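Numbering (this note's numbering), first residue to last: 562 to 959. Below: one structure, written as structure tokens.
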RNA sequence: GGCGGGAUUCCUGAGCGGUCAAAGGGGCGCGGCUGUAAACCGUGUGGCUCUGCCUUCGAAGGUUCGAAUCCUUCUCCCGCCA
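Now the structure itself:
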């Protein structure tokens with residue numbers, strides 16, 4: 562195992578801040594002296610069930626801690642999720658129900674294991690309901706640790722306060738609860754995105770108030786989403802989910818603006834991306850590396866081939882779903898109805914698509930709404946560039 | 001407690017009694033182009049048994065030949081004063 566200085570150097574690469582400066586190295590030394598691993602905290606809010614690449618940046622960093630033998634404490638914020646952290650938002654989030662939180666927490670945990678090592682020595686998963694379901698007395702003690710002025714230093718609170726948009730007491734409580742998590746699990750280090758800096762630092766204050774050594778704070782950069790500008794987030798639709806299908810991951814990655822490529826390579830710590838290559842080849846390598854990480858080598862190559870086939874040579878994908886339709890009494894097939902059921906669109910929309918020339922049968926554009934059953938049987942119905950279905954006639958044809 | 005302002009289609013935001021399925025922007029769809037599902041340009045964007053019909057403008061009532069637009073009550077949100 563590398564010595565503390567080497568570990569610190571490795572662990573702080575690709576991070577934004579290590580606060581207070583040099584604290585991580587000092588803590589690593591102290592822990593080494595006590596012959597114990599660090600307790601490294603990450604809180605996850607189970608507000609949405611699916612993890613995306615943006616989450617994996619910090620998970621990847623946690624994984625590095627694990628690889629040095631440190632213990633990651635993953636906190637599923639089942640209690641804080643009921644509050645809704647307003648970080649970076651102008652509005653508080655709607656609270657979730659208990660069942661939603663439980664379901665989300667389960668999938669979160671599951672998906673986090675695609676990056677983290679699931680070894681009980683190296684990983685501890687806790688829920689903050691274990692300690693946040695506290696009595697008033699205890700809440701008072703927590704509330705006394707911080708002043709409103711301190712909380713208002715946080716940017717989004719300050720902005721909202723200045724703009725006179727509402728800030729609920731509950732939201733102000735959020736950073737305190739997150740800080741209390743650090744007390745409860747005796748965190749040595751807490752990780753988070755740069756948008757979490759305030760909360761992470763406040764955790765130190767709370768720990769101090771409880772007579773505990775203050776945690777080190779390590780912030781990682783925010784991964785830009787597929788638009789190359791906004792933070793990757795599901796609500797913006799610019800994300801790649803860790804459970805996305807290989808072809809989906811590959812194709813979506815190719816839509817990344819060229820300028821965002823270096824960030825992705827660095828933040829995601831991708832391997833096998835050539836440093837000197839044209840943007841086209843670089844991006845293809847990035848896409849392959851991402852698919853490889855979550856689905857393996859074979860899937861990466863297959864995804865690339867599938868993409869080339871559909872988007873470059875405009876051939877059919879290798880798997881085309883089948884659909885069975887029935888012709889009407891007159892032996893005609895009503896295309897809008899078929900499109901509506903096959904692709905989950907409305908019939909009105911299907912008619913528009915038909916009129917726009919977006920509908921093809923075996924590659925040939927069709928504008929007709931009604932076709933003789935013989936004209937569609939066995940053919941591939943295509944809507945747009947990405948939706949295909951092979952049409953079969955039902956047994957009730959006459 | 002008092003006084004004002006507001007709730008519109010996925011989001012934002014016009015609309016101020018008929019010409020409103022409702023401007024503009026965003027998003028999204030489709031087409032073109034491209035190494036790409038990017039950028040850019042064009043176009044579309046409530047539903048349906050589609051030259052017409054049905055449903056929508058916080059909720060419920062009402063006025064009117066006719067209401068997103070006027071009135072009443074209710075619900076929720078915001079601001080100011082205390």
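Just so it is clear, CB atoms sit at the ideal spot from N, CA and C, and this is done for glycine as well. Since we're looking at a predicted model, the values are computed, not measured.
- Message: Can you look up residue 960 in the DSSP assignment and give me helix, strand or coil?
- Response: Beyond the ends of the chain as shown, which are 562 and 959, falls residue 960; an answer cannot be given.
- Message: What does the alpha-carbon distance come out to for the pair residue 765 and residue 844?
- Response: For the pair residue 765 and residue 844, the Cα-to-Cα distance works out to about 41 Å.
- Item | Whole beta strand (DSSP E) elements within the region 889–923, 3-residue minimum | If only uninterrupted beta strand (DSSP E) runs of at least 3 residues are considered, those enclosed by the region 889–923 are 893–895 and 920–922.
- Query: residue 866: buried (16+ other C-beta within 10 angstroms of its C-beta) or exposed?
  - Reply: With fewer than 16 other Cβ atoms within 10 Å, it is exposed.
- Over what stretch of residues does the alpha helix (DSSP H) that includes residue 735 continue unbroken? First-last of the alpha helix (DSSP H) with residue 735: 730–746.
- Pull up the distance between the alpha-carbon of residue 679 and that of residue 586, whole angstroms please. As the crow flies, the alpha-carbon of residue 679 is around 26 Å from that of residue 586.
- Identify every residue that forms a DSSP beta bridge with residue 785. According to DSSP, which records beta bridges pairwise, residue 785 is partnered with 792.
- Item | Residue(s) in a DSSP beta bridge with residue 578 | Answer is 780, bridged to residue 578.
- Through-space distance from residue 826 to residue 834, alpha-carbon basis: If you take the alpha carbons of residue 834 and residue 826, they lie about 8 Å apart.
- Item | Proximity below 8 Å, CB of residue 740 to CB of residue 767 | Between residue 740 and residue 767, the C-beta spacing is below 8 Å.
- Task: Could you check how far apart the C-beta atoms of residue 603 and residue 623 are, in whole angstroms? I think they sit under 8 Å.
- Result: The beta carbons of residue 603 and residue 623 sit about 6 Å from each other, so the pair counts as a contact at 8 Å.
- Query: residue 811 and residue 864: beta carbons closer than 8 Å?
  - Reply: Contact: yes.
- Task: Measure the alpha-carbon distance for residue 778 versus residue 763 and round it to whole angstroms.
- Result: Each residue's Cα considered, the two are about 10 Å apart.
- On the premise that residue 804 lies in contact with residue 780, defined as a C-beta separation below 8 Å, what is that separation, rounded to the nearest angstrom? In fact, because the Cβ distance is near 26 Å, the residues do not count as touching under 8 Å.
- Item | Residue from 697, 872 and 736 with nearest C-alpha to residue 716 | With distances taken between Cα atoms, residue 716 lies closest to 736.
- Task: State the start and end residues of the unbroken beta strand (DSSP E) segment that holds residue 940.
- Result: Counting along the chain, residue 940 falls outside any beta strand (DSSP E), and DSSP gives it neither H nor E.
- According to DSSP, which residues form a beta bridge with residue 934? Bridge partners of residue 934: none, in fact.
- Message: Just to check my reading of the structure: residue 922 and residue 942 have Cβ atoms closer than 8 Å, yes? What is that Cβ distance to the nearest angstrom?
- Response: Between residue 922 and residue 942 the beta-carbon gap is near 6 Å, inside 8 Å, which marks them as a contact.
- Query: Between which two residues does the beta strand (DSSP E) carrying residue 883 extend?
  - Reply: Here the beta strand (DSSP E) through residue 883 covers 883–886.
- Item | Residues that residue 763 bridges to, as DSSP identifies them | Bridge partners of residue 763: none, in fact.
- Query: Measuring CA to CA, which of 629, 888, 776 and 782 is closest to residue 588?
  - Reply: When each option's Cα is compared against that of residue 588, the closest is 776.
- Proximity to residue 743 [Cα-Cα], best of 670, 634, 784 and 595: Just measuring C-alpha positions, the residue of 670, 634, 784 and 595 sitting nearest residue 743 is 634.
- Item | As assigned by DSSP and simplified to three states, the class of residue 806 | In the three-state scheme derived from DSSP, where H, G and I count as helix and E and B as strand, residue 806 is classed as coil.
- Starting from residue 594 and walking both ways along the alpha helix (DSSP H), at which residues does that stretch end? It spans 584–594 - the alpha helix (DSSP H) in which residue 594 sits, taken as one unbroken run.
- Alpha carbon to alpha carbon, how far is residue 753 from residue 632? Give it in angstroms, no decimals. The C-alpha of residue 632 lies about 16 Å from the C-alpha of residue 753.
- List the whole-angstrom C-beta distance separating residue 899 from residue 952, where the pair is believed to meet the contact cut-off of C-beta under 8 Å. Indeed, because the Cβ distance is near 7 Å, the residues count as touching under 8 Å.
- Message: Spatial neighbours of residue 848 within its chain, please: C-beta separation below 6 Å, excluding the five flanking residues on both sides.
- Response: Once the five neighbours on either side are set aside, the close Cβ partners of residue 848 are 811, 814 and 815.
- Message: Using the Cβ count rule (16 or more neighbours within 10 Å means buried), how would you classify residue 879?
- Response: Exposed, since its Cβ has fewer than 16 Cβ neighbours within 10 Å.
- Task: Kindly indicate which three-state DSSP category residue 949 falls into: helix, strand or coil?
- Result: Strand at residue 949.
- Provide the residue(s) that pair with residue 636 in DSSP beta bridges, ordered along the chain. In the DSSP secondary-structure assignment, residue 636 is bridged to 604 and 687.
- Task: Quick one: using the 10 Å Cβ neighbour count with 16 as the cut-off for buried, is residue 646 buried or exposed?
- Result: Only weak support is given to the placement of residue 646: the predicted model assigns it a pLDDT of 46, under 50, and the value that follows is read from those uncertain coordinates. By the beta-carbon neighbour count (other beta carbons within 10 angstroms, threshold 16), residue 646 is buried.
- Can you tell me the Cα-Cα spacing of residue 729 and residue 722, whole angstroms? Straight-line Cα distance between these residues: approximately 11 Å.
- So what does DSSP say about residue 875, is it helix, strand or coil? It is coil, neither helix nor strand.
- Just to confirm, are residue 784 and residue 615 a CB contact at a threshold of 8 Å? In terms of Cβ geometry, residue 784 and residue 615 form a close pair [threshold 8 Å].
- Message: Using C-beta distances below 8 Å, list every residue in its chain close to residue 789, excluding the 5 sequence neighbours before and after it, in chain order.
- Response: Taking C-beta separations shorter than 8 Å and ignoring five residues to either side along the sequence, the partners of residue 789 in its chain run 817, 818, 820 and 821, following chain order.
- Pair within 8 Å by beta-carbon distance, residue 720 and residue 641: No. Outside cutoff.
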